[in-house]
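The structure under discussion appears below in the form of structure tokens.
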Amino acid sequence: MNSESPLPEGTSELVWLDGEWRPWSEGKIHVRTGAHMAVAGIFEGIRAYWSEERRELFVYRLSEHLLRLRESCRLLLMRTEYSVDDLKEIVTELLRRNNVRQDAYVRPVMFPSLTSSGFLSAIECPTSLFVECWPAPSARGRMKSVSACTSSWRRISNLDMVPRAKTFANYAQARLAAIESGVAGYDLPLLLNNDGYVTEGVGAGVAMVCSGTLVLPPLSAGALPSITRMSLTEIAASRLGLRIDERLFDRFECYLADELFFFGTGWEILAIRRLDGHHIGVDTSSSVVSELSRIYYESAVGEHADLLKWLTPTYA
Ligand code: PMP
Numbered sequence: 063m064n065s066e067s068p069l070p071e072g073t074s075e076l077v078w079l080d081g082e083w084r085p086w087s088e089g090k091i092h093v094r095t096g097a098h099m100a101v102a103g104i105f106e107g108i109r110a111y112w113s114e115e116r117r118e119l120f121v122y123r124l125s126e127h128l129l130r131l132r133e134s135c136r137l138l139l140m141r142t143e144y145s146v147d148d149l150k151e152i153v154t155e156l157l158r159r160n161n162v163r164q165d166a167y168v169r170p171v172m173f174p175s176l177t178s179s180g181f182l183s184a185i186e187c188p189t190s191l192f193v194e195c196w197p198a199p200s201a202r203g204r205m206k207s208v209s210a211c212t213s214s215w216r217r218i219s220n221l222d223m224v225p226r227a228k229t230f231a232n233y234a235q236a237r238l239a240a241i242e243s244g245v246a247g248y249d250l251p252l253l254l255n256n257d258g259y260v261t262e263g264v265g266a267g268v269a270m271v272c273s274g275t276l277v278l279p280p281l282s283a284g285a286l287p288s289i290t291r292m293s294l295t296e297i298a299a300s301r302l303g304l305r306i307d308e309r310l311f312d313r314f315e316c317y318l319a320d321e322l323f324f325f326g327t328g329w330e331i332l333a334i335r336r337l338d339g340h341h342i343g344v345d346t347s348s349s350v351v352s353e354l355s356r357i358y359y360e361s362a363v364g365e366h367a368d369l370l371k372w373l374t375p376t377y378a
């Protein structure tokens, strides 16, 4: 990305919008589309990791993200003409055209196109596609930790919405929960579902480590099928010899856990040191979470031959 560009911070020079490469300032949609997008817009958050050693930008688990994008489309009865391969080409071309040679974030967005005026009832309504990227330095090499509180807001339920889809409409509670925790002096909220079981953070999954077992809420509790979760469970089982247990748990188990953490593409891995005033875990340097993070970050820049399957090189 060109550092001399007059663009606002956090943008790239070129974006993809409906079949065309356009300058960032020309990535425009009609105002009418805004409401459609809020109700039915779906998106993905994808990271690309720059390896100085290999002089390569690795897009992390690109196929899995794009599959989830298409699945979100299906779950929300929207239609897209783009295959995973088409989308892969657009994402890598976007990074090349913007000459991205640093850690970056890529966000494809699909939303009902302007032509679909009856979008509330239109089954399989046609969609527009917008893809952009921006610089997003990774916390690689640093173990980040946060404080959290159980939110008074609930994670959306399977009966009210589609928690498995990554749609903007799902983030209304998350936004309120994030504001609530910030005002109360915590870094982030932990969201329970309507039955009082732990589900997620805001834009992040949650897991605990208890006596050599990595415990995660089942997706049916209201969690997004997280790509980071797939990586961490594979690393935990195959590299660290942990057992994996997907089951319901409440906040009280979190208070007593050996370790507790949020994870996700954007947040990466965040150890939760304090929840509702309870101190959790012990020394960071020797923890399971720090080992998981180390291997996760190494895998993202191509340091594990058997995990190269997770990476799509941009320039090779
Ligand atoms: N839950 C929600 C609601 C999210 O927005 C995210 C971020 N995409 C996650 C969990 C973590 O998912 P992933 O690991 O695929 O980024």
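Last residue of the sequence shown? That's 378 in the working numbering, and every number before it is there in order.
Every residue, glycine too, gets a C-beta built ideally from N, C-alpha and C.
None of the values given here were measured: they were computed from a predicted structure.
Judged by DSSP in its simplified three-state form, Leu304 adopts coil rather than helix or strand. Thr154: not part of any beta strand (DSSP E); member of the alpha helix (DSSP H) spanning 146-159, first to last residue. Beyond the five residues adjoining it in sequence on each side, Tyr144 comes within less than 7 Å, by CB distance, of Leu191 in the same chain, given in chain order. Annotation: the region 70-143 contains the following complete segments of the beta strand (DSSP E) (minimum length 3 residues), in chain order: 76-79, 82-85, 108-113, 118-122. With a threshold of 7 Å, the Cβ atom of Lys228 counts as near the ligand PMP, since some heavy atom of the ligand is closer than that.
Contact between the region 303-321 and the region 349-365 is present: three or more C-beta pairs spanning the two stretches fall below 8 Å.
Contact between the region 124-142 and the region 356-369 is absent, with fewer than three C-beta pairs closer than 8 Å.
Note that the region 261-278 touches the region 292-308; at least 3 beta-carbon pairs, one per stretch, sit closer than 8 Å. Of all alpha-carbon atoms in Ala184, Leu119, Pro197, Phe311, the one lying nearest the alpha-carbon of Leu373 is that of Leu119. Relative to the ligand PMP, the beta carbon of Arg291 is positioned inside 7 Å of a heavy atom.
Under DSSP, the beta-bridge partners assigned to Thr229 are Ile104.
Here the alpha carbons of Leu332 and Thr154 stand approximately 28 Å from one another. The residue among Met292, Arg309, Ser288, Arg237 with its C-alpha nearest the C-alpha of Val264 is Arg237. Among the bridge pairs identified by DSSP, Tyr167 is matched with Arg109, Trp196. Residues of the same chain with a CB within less than 8 Å of the CB of Gln235, apart from the 5 flanking positions on each side, are Trp215, Arg216, Arg217, Ile218, Leu253 in chain order. For Ser243, the enclosing alpha helix (DSSP H) covers residues 234-245. If you check the CB distance, Trp86 and Val93 do not come in under 8 Å. About 7 Å separates the Cβ atoms of Val208 and Arg335, confirming a contact at the 8 Å cut-off. At least one heavy atom of the ligand PMP is found less than 7 Å from the C-beta of Ser288. One Cα belongs to Arg204, the other to Asp147, and the distance between them is close to 34 Å. Beta-bridge analysis with DSSP links Cys211 to Pro251. Between the beta-carbon of Phe314 and that of Phe230 there is about 33 Å, and that puts the pair past the 8 Å contact cut. The distance from the Cβ of Tyr259 to that of Ala283 is about 5 Å, consistent with a contact at the 8 Å cut-off. Distance check between Arg356 and each of Ala184, Leu294, Lys150, Asn160 places Leu294 closest, using alpha-carbon atoms only.
In terms of CA proximity to Lys206, Phe325 leads the group Phe325, Glu82, Arg309. The closest CA to that of Gly72, considering only Arg116, Tyr167, Trp329, is found on Tyr167. A straight-line Cα-Cα distance of about 32 Å links Pro251 and Leu369.
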